[in-house]
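**Q**
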Amino acid sequence: MEVHEAVAHEDESQFATEFTEYREKNVRLPVEHYTIHECMLKPLLNDGGLLTGKRILDLACGNGHYTRQLKDLGCAYIRGVDLSAPMIDIARKIERRDPKGIEYEVNDVVNLSSSQQSYDLVTGFYLFDYARDRDELLAMVRIISNQLGEGKHFIGIIGNVIAGKKMFDQRKYGVTREIKDPLDGERIPDGTEIVVTLYDEHDQPTTPFINYYYSPSTYEQVFREAGFKSLEWVPYQYDKNADDYAFFDDLINRAPSIGMVAKK
Ligand SMILES: C[S@@+](CC[C@H](N)C(=O)[O-])C[C@H]1O[C@@H](n2cnc3c(N)ncnc32)[C@H](O)[C@@H]1O
1 MEVHEAVAHE DESQFATEFT EYREKNVRLP VEHYTIHECM LKPLLNDGGL
51 LTGKRILDLA CGNGHYTRQL KDLGCAYIRG VDLSAPMIDI ARKIERRDPK
101 GIEYEVNDVV NLSSSQQSYD LVTGFYLFDY ARDRDELLAM VRIISNQLGE
151 GKHFIGIIGN VIAGKKMFDQ RKYGVTREIK DPLDGERIPD GTEIVVTLYD
201 EHDQPTTPFI NYYYSPSTYE QVFREAGFKS LEWVPYQYDK NADDYAFFDD
251 LINRAPSIGM VAKK
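Quick note, the sequence shown lines up with residues 1 to 264 if you use full-length UniProt numbering.
1) Label Ser84 either buried or exposed according to how many other C-beta atoms from any shown protein chain fall within 10 Å of its C-beta, with 16 as the threshold for buried.
2) Whole-angstrom Cβ separation of Asp58 and Thr123, contact assumed at under 8 Å?
3) If you draw a straight line from the C-alpha of Gly164 to the C-alpha of Asp129, how long is it?
4) Per DSSP, what are the beta-bridge partners of Glu178 in this structure?
5) For Glu2, does the three-state DSSP call read helix, strand or coil?
6) Using beta-carbon positions only, say whether Tyr126 and Ile94 come within less than 8 Å of one another.
7) Evaluate contact between the region 236 to 245 and the region 25 to 38, counting only Cβ atoms and requiring at least three cross-stretch pairs below 8 Å.
8) Reducing DSSP to helix, strand and coil, say where Glu225 ends up.
9) Go ahead and pull the three-state DSSP assignment for Phe154.
10) Reducing DSSP to helix, strand and coil, say where Arg79 ends up.
11) Consult DSSP for Leu127 and reduce its assignment to one of helix, strand or coil.
12) Quick one: does the C-beta of Met87 sit closer than 7 Å to a heavy atom of ligand 1?
13) Reducing DSSP to helix, strand and coil, say where Glu18 ends up.
14) What residue range is occupied by the uninterrupted beta strand (DSSP E) comprising Ser230?
15) Keeping to the same chain, check which residues put their C-beta closer than 7 Å to that of Ala131; ignore five residues upstream and five downstream.
16) Quick one: is Glu82 buried, meaning 16 or more other Cβ sit within 10 Å of its Cβ, or exposed?
17) Going by DSSP, what residue range makes up the beta strand (DSSP E) through Leu59?
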């Protein structure tokens, strides 16, 4: 598939189906789940290891992969929002099959209006990679800030902007990134288009899509501008006692993605 087709995302349904299959089976999941649950969410859980009573907003929720995991942690209310109607269709289908009380909405994050009741936690796993320029990134982060109560957190995952070009070749782990218009040198300017290809469990490429790069300092400035007091980077980690730790060694050292925890 040509990259310009991917940019247009002509067949969103196909992408949603492929991504859903990929989501359940990709080899990187143990690392991503461990990082999110053990390194990012854990400090926000109560003594029982739950999110009891919390109101959560999961942005760019896709098919609801993490929305369901958050709901399983006992929150009182959770809403998943995604731009893609086919992704939300899949999320709702799963909700009908196995009702958890999750609400889903098709919407662009930048069009969300402030909720009457603020949220205790906003999540965004692979949201900011889609901001086409700094203004859109700032608009997304401002919306998140407006949804959160004072002292509350945002947690998210994005492409590993700290590793720079080292994050690109992760073929062994079923994902590659390629700069669309090759650059000289190591510096990647803000707004650079990156073609991301995920590989399915048969090691076949799925529909490529475009992400946009912003430097760590741009993220830090944008979060400050939007009213956050802190932004902490959380490198991918993996359970040191896991049997297949050796397989993930390279991944941890040159991780394709990175976590972020911000406090308002
Ligand atoms: C790589 S998927 C990740 C989905 C989910 N968070 C997960 O980790 O399984 C990225 C999602 O971001 C959504 N997205 C991109 N830009 C968005 C925007 N401006 N508003 C809402 N959703 C957006 C896409 O439709 C896609 O479903």
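Where is the CB? At the ideal position from N, CA and C, for every residue including glycine. In this text the structure is predicted, and so the values were computed from the model without any measurement.
**A** With the structure as the only source:
1) buried
2) 5 Å
3) 14 Å
4) Val195
5) Residue confidence is low: Glu2 scores 41 on pLDDT, short of 50, so the model does not pin down where it sits. No coordinate-derived value is stated.
6) no
7) yes
8) helix
9) strand
10) strand
11) coil
12) yes
13) helix
14) 230 to 235
15) Leu137, Met140, Tyr212
16) Note on identity: in this sequence residue 82 is Asp, with Glu being the wrong assignment. Buried, by the Cβ-count rule.
17) 55 to 59
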